[in-house]
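Below is one structure; the comments refer to it alone.
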Amino acid sequence: MEAFTQLAGRHGLEDRAGTSPDGLPERYLYSPDMAHRYAFGRWWADPDLSTTDIWVLLNPATGDTEKRRRPTLDRCIARSRNAGRSGLLVVNLFAYRHTDPRTLRRAAEPVGPANDDSLRTFTAAAPRTIVAWGNGGSLHGRSREVAPLLDSPLCLGTTGRGEPLHPLYVPGDAVLVPWAPR
Numbered sequence: 426m427e428a429f430t431q432l433a434g435r436h437g438l439e440d441r442a443g444t445s446p447d448g449l450p451e452r453y454l455y456s457p458d459m460a461h462r463y464a465f466g467r468w469w470a471d472p473d474l475s476t477t478d479i480w481v482l483l484n485p486a487t488g489d490t491e492k493r494r495r496p497t498l499d500r501c502i503a504r505s506r507n508a509g510r511s512g513l514l515v516v517n518l519f520a521y522r523h524t525d526p527r528t529l530r531r532a533a534e535p536v537g538p539a540n541d542d543s544l545r546t547f548t549a550a551a552p553r554t555i556v557a558w559g560n561g562g563s564l565h566g567r568s569r570e571v572a573p574l575l576d577s578p579l580c581l582g583t584t585g586r587g588e589p590l591h592p593l594y595v596p597g598d599a600v601l602v603p604w605a606p607r
């Protein structure tokens, strides 16, 4: 996919291909030191951004994302498959990789130097962007910074603070609604 190649070239990122535990094609963009992940994609049909859902979550976890099942990813995949999409691509408000989102407060560079470009590039290329980062998105005012980069984002509802709900905490039949920051 050309967007991966272009982003990797512009920012000196690691553009890697892989296979899911189910044998599905995947693709990843990492910083050279692997501290940041800028994109993760998985496709069950033609890997084409024009039929791929973009999910904007809080931050990527460390470890073998490409080898283990993750409940959040499973929820996002189920929603995208049920909607007839060809795949999903996950980008994040913060590209810093860690299993505990609370570490974002202490991270020297939680956003990552290529993250806004990644968000802009992928969300502009896909017809549907779903934001789902939970209350953590308000850290450092990040959700407000990112909102202008997104064209007509959808969400699964909002928290009391107006942040988009995280997919793990929403019933499977929740309807997507437009999201705008408060």
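So for the sequence shown, the numbering used here puts the first residue at 426; every next one is plus one. We treat Cβ as the ideally placed atom computed from N, Cα and C, and that holds for glycine. All figures in this text were calculated on a predicted structure; none of them were measured in a lab.
Could you check if N507 is buried or exposed, using at least 16 other CB atoms within 10 Å of its CB as the buried criterion? Taking the sequence shown and counting its residues from 1, the one referred to as residue 507 is at position 82. When all chains shown are included, N507 counts as exposed.
I need the DSSP call for H591, collapsed to helix, strand or coil. The residue labelled residue 591 in the question sits at position 166 within the sequence shown. DSSP places H591 in coil when its eight states are reduced to three.
For L590, count neighbouring Cβ atoms within 10 angstroms of its own Cβ and tell me buried if that reaches 16, exposed if not. Counting from one through the sequence shown, the residue named residue 590 turns up at place 165. Under this definition L590 is a buried residue.
Do A520 and Y463 count as a contact pair if the criterion is CB distance below 7 Å? As a position in the sequence shown, residue 463 is number 38, starting the count at 1. As a position in the sequence shown, residue 520 is number 95, starting the count at 1. Against a cut-off of 7 Å, the Cβ pair of A520 and Y463 comes out as a contact.
For S511, I'd like the list of residues in its chain whose CB is within less than 8 Å of its CB, leaving aside the five on either flank, ordered along the chain. If you number the sequence shown from 1, residue 511 lands on position 86. Same-chain partners within the cutoff: W468, W469, A470, D471, P472, D473, T476, T477.
P535 and L544: beta carbons closer than 7 Å? Working through the sequence shown from its first residue, we reach residue 535 at position 110. Working through the sequence shown from its first residue, we reach residue 544 at position 119. Against a cut-off of 7 Å, the Cβ pair of L544 and P535 comes out as no contact.
Who are E451's beta bridge partners in DSSP? Here residue 451 corresponds to residue number 26 of the sequence shown, with the count starting at 1. Partner(s): G443, R467.
Alpha carbon to alpha carbon, how far is P450 from F465? Numbered from 1 along the sequence shown, position 25 holds the residue referred to as residue 450. Numbered from 1 along the sequence shown, position 40 holds the residue referred to as residue 465. Straight-line Cα distance between these residues: approximately 11 Å.
With C-beta atoms as the reference, is F429 less than 7 Å away from I479? Mapped onto the sequence shown, residue 429 falls at position 4. Mapped onto the sequence shown, residue 479 falls at position 54. Taking 7 Å as the Cβ cut-off, F429 and I479 do not qualify as a contacting pair.
Select from R553, T584, D499 the residue whose C-alpha is nearest the C-alpha of L575. To locate residue 575, count along the sequence shown from 1; it is residue 150. Cα-wise, what sits closest to L575 is R553.
On a CA-only basis, which of N484, R504, R527 is nearest V516? Give me that one, please. Reading the sequence shown from its first residue, position 91 is the one you call residue 516. Cα-wise, what sits closest to V516 is N484.
Could you compute how far the alpha carbon of V571 sits from the alpha carbon of I555? Working through the sequence shown from its first residue, we reach residue 571 at position 146. Working through the sequence shown from its first residue, we reach residue 555 at position 130. The straight-line gap from Cα to Cα measures roughly 13 Å.
Tell me the start and end of each unbroken alpha helix (DSSP H) in the stretch 496-523 that is at least 4 residues and wholly inside, in chain order. 496-507
Kindly indicate which residue of Y594, A442, P538, M459 has the alpha-carbon position closest to the one of R435. In the sequence shown, counting from the first residue as 1, residue 435 sits at position 10. The candidate whose alpha carbon is nearest that of R435 is P538.
Within the same chain, show all residues whose beta-carbon is closer than 7 Å to that of S563, passing over the 5 residues directly before and after it, in chain order. What you label residue 563 is simply residue 138 of the sequence shown in a count that begins at 1. So the list reads R586, E588, once near-sequence residues are dropped.
Delimiting residues of the beta strand (DSSP E) encompassing L482: Position 57 of the sequence shown, counted from the start, is the residue given in the question as residue 482. First-last of the beta strand (DSSP E) with L482: 477-482.
Does the Cβ of P552 lie closer than 6 Å to at least one heavy atom of the ligand FAD? What this structure holds is no ligand at all, so the ligand FAD is not there to describe.
Between T487 and R522, which are expected to be in contact by the criterion C-beta below 8 Å, what is the C-beta distance as a whole number of angstroms? The residue given as residue 487 occupies position 62 in the sequence shown. The residue given as residue 522 occupies position 97 in the sequence shown. Indeed they touch by this definition, with Cβ atoms about 5 Å apart.
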